[in-house]
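Peer 1: Those protein sequence lines, which keep their order, are chains A and B.
Take the first sequence: its position 88, counted from the start at 1, is 88 in the working numbering, and no numbers get skipped.
Take the second sequence: its position 10, counted from the start at 1, is 10 in the working numbering, and no numbers get skipped.
Every residue gets a Cβ at the ideal spot worked out from N, C-alpha and C, and that includes glycine.
Computed from a prediction, not measured in an experiment: that's the story for all the values here.
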Amino acid sequence: DAGVIQSPRHEVTEMGQEVTLRCKPISGHNSLFWYRQTMMRGLELLIYFNNNVPIDDSGMPEDRFSAKMPNASFSTLKIQPSEPRDSAVYFCASSLAVGTGIRSGGYTFGSGTRLTVV
Amino acid sequence: SQQGEEDPQALSIQEGENATMNCSYKTSINNLQWYRQNSGRGLVHLILIRSNEREKHSGRLRVTLDTSKKSSSLLITASRAADTASYFCATEASGSRLTFGEGTQLTVNP
Chain A
1 DAGVIQSPRH EVTEMGQEVT LRCKPISGHN SLFWYRQTMM RGLELLIYFN NNVPIDDSGM
61 PEDRFSAKMP NASFSTLKIQ PSEPRDSAVY FCASSLAVGT GIRSGGYTFG SGTRLTVV
Chain B
1 SQQGEEDPQA LSIQEGENAT MNCSYKTSIN NLQWYRQNSG RGLVHLILIR SNEREKHSGR
61 LRVTLDTSKK SSSLLITASR AADTASYFCA TEASGSRLTF GEGTQLTVNP
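This is the structure we're talking about:
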């Protein structure tokens, strides 16, 4: 398995533009997570999906952020319009839940997308 | 908000020495996990310990969990320069949210 695949690796955009980050989880994993990492705030959970259904989006900063998971092999995180304070590394992770609150192992993280909004 | 808090924030040791990092958390958990992150890279899962386990080993890694004290420790024995990285503990409570601490920056000097 190629692991969790994120694209693009780097994104530089101007303030006000729309940004779409993409993630392909590991085949067979039923949970997908979007995290954001900054020096100031560390790793923050933005949203997670179980079986393609959003379970908790309380970490999404504001309405400018949206996430979708149309099928088990693809998810997007969209920021519209983007602002300089959105600059961060965005990670996607997937894992396998075998029961309520029970995981078969840890999370597998992608390499991240480094977003810079100027 | 961060659930886990790592201690120390930074640790610098010589190659061959052991490194111990600690993590404290606040609420009941299903499991606790440790991850490593090399500079500019993604996080790599190291080990998962469940709430009913007290100790777990994986190669040069040893993790302990004390649920009465809500704390965990990660021991890396016979450290190598390649172990230089940030180490994060993360806790998972019911509801499947993994919450990370702020990490310990480990530097192993050759």
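How far does the beta strand (DSSP E) with residue 44(A) in it reach, from first residue to last?
Peer 2: Residue numbering aside, residue 44(A) sits at position 44 when the first sequence is read from its first letter. Unbroken beta strand (DSSP E) run through residue 44(A): 42–50.
Peer 1: Note the first and the last residue of the continuous beta strand (DSSP E) segment covering residue 89(A).
Peer 2: Counting from 1 along the first sequence, the entry for residue 89(A) is found at position 89. Per DSSP, residue 89(A) belongs to the beta strand (DSSP E) from 88–95.
Peer 1: Note down, in chain order, all residues in the region 3–24 of chain A with a beta-carbon under 7 Å from any beta-carbon belonging to chain B.
Peer 2: none
Peer 1: Residues in its own chain within less than 8 Å of residue 15(A) by CB, not counting five upstream and five downstream?
Peer 2: To locate residue 15(A), count along the first sequence from 1; it is residue 15. Taken in chain order, the residues that qualify are 81, 82, 83, 84, 117, 118.
Peer 1: With a 10 Å radius around its C-beta and 16 neighbouring C-beta atoms as the bar for buried, classify residue 83(B) as buried or exposed.
Peer 2: Locating residue 83(B) in the second sequence gives position 83, counting from the first residue. Buried: at least 16 other Cβ atoms inside 10 Å.
Peer 1: Taking Cβ positions only, does residue 28(A) come closer than 9 Å to chain B?
Peer 2: In the first sequence, residue 28(A) corresponds to position 28, counting from 1. No, residue 28(A) lies away from the interface with chain B (no Cβ there is under 9 Å from its Cβ).
Peer 1: Roughly how many whole angstroms lie between the Cα atoms of residue 5(A) and residue 107(B)?
Peer 2: Taking the first residue of the first sequence as position 1, residue 5(A) is located at position 5. Taking the first residue of the second sequence as position 1, residue 107(B) is located at position 107. Roughly 29 Å separates the two Cα atoms.
Peer 1: Name the residue from 23(B), 42(B), 77(B) whose alpha carbon lies nearest to the alpha carbon of residue 49(B).
Peer 2: Against the second sequence, residue 49(B) aligns to sequence position 49. Residue 23(B) is the option with its Cα nearest to residue 49(B).
Peer 1: Using three-state DSSP, classify residue 66(B) as helix, strand or coil.
Peer 2: Locating residue 66(B) in the second sequence gives position 66, where the first residue counts as 1. Note: residue 66(B) maps to strand in three-state DSSP.
Peer 1: Between residue 66(A) and the rest of its own chain, which residues show a CB-CB distance below 6 Å, the 5 nearest in sequence each way excluded?
Peer 2: Locating residue 66(A) in the first sequence gives position 66, where the first residue counts as 1. Hits under 6 Å: 78.
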